[in-house]
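Remember, our numbering sits 392 above the position in the sequence shown when you count from 1. Please read the structure below before turning to the comments.
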Amino acid sequence: MSTPVIAEEVRGIIQAGSKGPMVMPIVIAVPKEQAPGELRVATVPEVVRKLTNSGYDVRIEHNAGVGAYYPDDLFIAAGAKIASSRSELLDGARIVLCVQPPTVADVNQFAEGTIVIGFMNPANNLEAIARMRDRKVTAFALEFVPRITRAQSMDALSSQATAGGYVAAIMGADNCPKFLPMLTTAAGTIRPATVLVLGAGVAGLMAIATAKRLGAIVEAYDVRRAAGEQVRSLGARFLELEINAEGQGGYARELTPDEKVQEQQMVSAAVARADIVITTAAIPGRKAPLLITRETVATMRPGAVIVDLAAESGGNCELTQAGRTMREYGVTIIGPQNLPARVPFHSSQMYAKNLQSFLMLLVDKDGALVSEFTDEILVASILVHGGTVRHGPTRDVLSGGKP
Ligand code: NAD
């Protein structure tokens with residue numbers, strides 16, 4: 393495979409959408425995701441149409457969208473070219489759009505100066521990040537897009553958490569031996585099921601809304617008091633504790649030991665009366681807080697279900713095992729992984745739109761790639777560039793604490 397090194401002076405004339413001379417369209421490449429169970433794709437035909445109309449050259453790896461039900465012919469109709477191999481896809485590609493972080497093998501195929509945009513999961517992807525640094529690849533990590541109003545359309549954490557929260561509620565209902573709504577029938581009256589949602593961020597709020605639509609009585613708890621208003625606006629009951637643990641940037645801070653005891657008692661009582669518990673509590677960059685102990689599970693109703701969205705970061709329930717469904721004390725405890733991939737059609741659509749918005753930050757009004765990444769959203773999300781790891785904590789880990 394040829395992996396051309398694009399010299400700085402050549403980069404200057406690479407542009408999309410311009411009517412001027414010497415136009416070399418920017419080639420955007422979208423690989424087929426390789427991670428096990430990953431059915432999403434980083435772009436969809438609707439977005440490809442917009443990109444090709446703007447002058448980009450979009451290349452899709454053969455069958456990249458098939459898992460999300462976007463077959464190659466839809467991409468071709470939207471103006472994309474299909475690459476039959478990874479090397480054909482990447483040959484001359486300037487921008488690579490992905491869902492999962494690139495692996496070392498992927499990075500080895502990127503030419504110097506390639507811009508990769510996607511989730512980078514830096515803490516678990518250090519080797520590939522070091523390789524991107526050494527190969528002078530530029531990587532933007534969507535998890536670092538700041539949660540400011542202007543960046544909402546690029547907020548892939550939120551769009552994918554929305555998908556995750558929806559699937560969690562459906563999964564809870566599917567594993568519950570009860571109806572969720574109240575029913576009045578000739579065969580008697582059925583009481584509605586009770587759903588408890590712990591952690592009312594983006595995923596939690598979507599789980600609440602979905603459980604409400606299914607007719608359940610919904611209760612929710614979050615350490616951030618501000619979440620109470622949002623929970624109540626969805627018609628659910630907010631469990632109040634006399635503390636406010638809102639930290640910087642709208643995220644939660646860690647609770648003190650005393651606060652943890654109070655929280656535990658209130659949460660345990662609510663867990664014991666619920667038919668379905670959906671847990672989404674997270675503190676960025678840390679292990680998920682433990683909210684449901686083994687003892688609390690033992691107090692739950694037989695047939696109750698726990699769907700632990702924090703399974704991948706340690707779990708909110710002591711009995712959760714990531715990627716597995718456990719049965720203990722008559723309770724089903726589900727530790728799902730990659731829930732957005734269970735609704736790949738819409739998760740991909742939302743993700744693709746997030747990327748489309750993000751791409752607009754990388755081009756100027758003439759459609760040429762910006763020469764410096766000065767926009768605050770780019771500054772916050774740039775992980776690797778020009779042979780340097782730009783994200784401080786990741787750089788520190790990679791250098792083993794050495795300056
Ligand atoms: P997250 O995934 O980091 O955490 C999920 C929820 O768990 C959060 O609401 C958090 O407060 C809660 N939590 C943490 N510890 C807990 C505990 N011990 N018990 C109960 N709950 C606990 O959060 P997220 O969904 O990414 O959202 C975080 C915040 O950012 C929210 O306030 C959200 O509304 C806000 N947000 C803002 C924007 C924006 O303005 N552009 C976009 C998205 C999210």
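Beta carbons are placed, not taken as given, at the ideal position from N, Cα and C, and that holds for glycine. Because the structure is a prediction, the values reported are computed rather than measured.
- Taking a cut-off of 8 Å on C-beta distances, the region 488-500 touches the region 521-537, as three or more cross pairs fall below it.
- Leaving aside the five residues that flank P584 on each side, the residues in its chain whose CB is nearer than 7 Å to its CB run, in chain order, L572, P573, M574, G607, A608 and I609.
- Residue side-chain check: E504 keeps its Cβ at 7 Å or more from all non-hydrogen atoms of the ligand NAD.
- Secondary structure in the region 490-574: the alpha helix (DSSP H) runs of 4 residues or longer, each lying completely within the stretch, are 496-501, 518-526 and 548-567 in chain order.
- DSSP places M692 outside any beta strand (DSSP E), giving it a letter other than H or E.
- Among the bridge pairs identified by DSSP, E704 is matched with none.
- Counting the other CB atoms within 10 Å of its CB gives V450 a total of 16 or more, which places it among the buried residues.
- In this structure, V559 has its beta carbon at no less than 7 Å from each heavy atom of the ligand NAD.
- Around T717, the same chain offers I726 as residues with beta carbons nearer than 6 Å, after the five sequence neighbours per side are excluded.
- Excluding sequence positions up to five before and after G593, its CB lies within less than 8 Å of the CB of A553, D614, A619, T672 and A674, all in the same chain and listed in chain order.
- Pairing R486 with I418 gives a Cβ-Cβ distance under 8 Å.
- In the assembly as shown, E655 is a buried residue. Its beta-carbon has 16 or more other beta-carbons within 10 Å.
- One Cα belongs to E704, the other to N516, and the distance between them is close to 12 Å.
- Relative to the ligand NAD, the beta carbon of R616 is positioned inside 7 Å of a heavy atom.
- In terms of Cα proximity to G627, the closest of E638, V439 and A612 is A612.
- For H738, the three-state secondary structure derived from DSSP is helix.
- Assignment of A434 by DSSP, reduced to helix, strand and coil, places it in the coil class.
- With contacts defined as CB atoms closer than 8 Å, T602 and I562 qualify as a contacting pair.
- With 16 or more other Cβ atoms from the protein chains shown falling within 10 Å of its own Cβ, R432 counts as buried.
- Relative to the ligand NAD, even the nearest heavy atom lies 7 Å or more away from the CB of L534.
- Leaving aside the five residues that flank K757 on each side, none in its chain has a CB nearer than 7 Å to its CB.
- Between L761 and A533, the C-beta spacing is not below 8 Å.
- The beta carbon of A702 sits closer than 7 Å to those of T671, T672, A673, A674, A680 and N708, all from its chain and outside the five residues before and after it, given in chain order.
- Between V529 and G510, the C-beta gap is not smaller than 8 Å, which leaves the two residues out of contact.
- Spatial neighbours of A475 in its own chain (CB-CB distance under 6 Å, excluding positions within 5 residues in sequence) are listed in chain order as R451, E453 and L481.
- In this structure, the ligand NAD has a non-hydrogen atom nearer than 7 Å to the beta-carbon of Y643.
- Taking C-beta atoms as the reference points, I468 and L443 fail to come closer than 8 Å.
- Take V697, set aside five residues on each side of it, and the residues of its chain with a beta-carbon closer than 6 Å to its own are G564, N567, C568, I668 and T724, in chain order.
- Counting other Cβ atoms within 10 Å of its Cβ, D700 reaches 16 or more and is therefore classed as buried.
- Closest in alpha carbon position to E425, among G457, V439, R629 and V436, is G457.
- For the 8 Å CB-CB criterion, N746 and A460 do not form a contact.
- Residue range R478 to L482 is occupied by the alpha helix (DSSP H) that includes E480, with no beta strand (DSSP E) assigned at that position.
- Taken in chain order, the complete beta strand (DSSP E) segments of 3 or more residues contained in the region 716-766 are 717-720 and 723-726.
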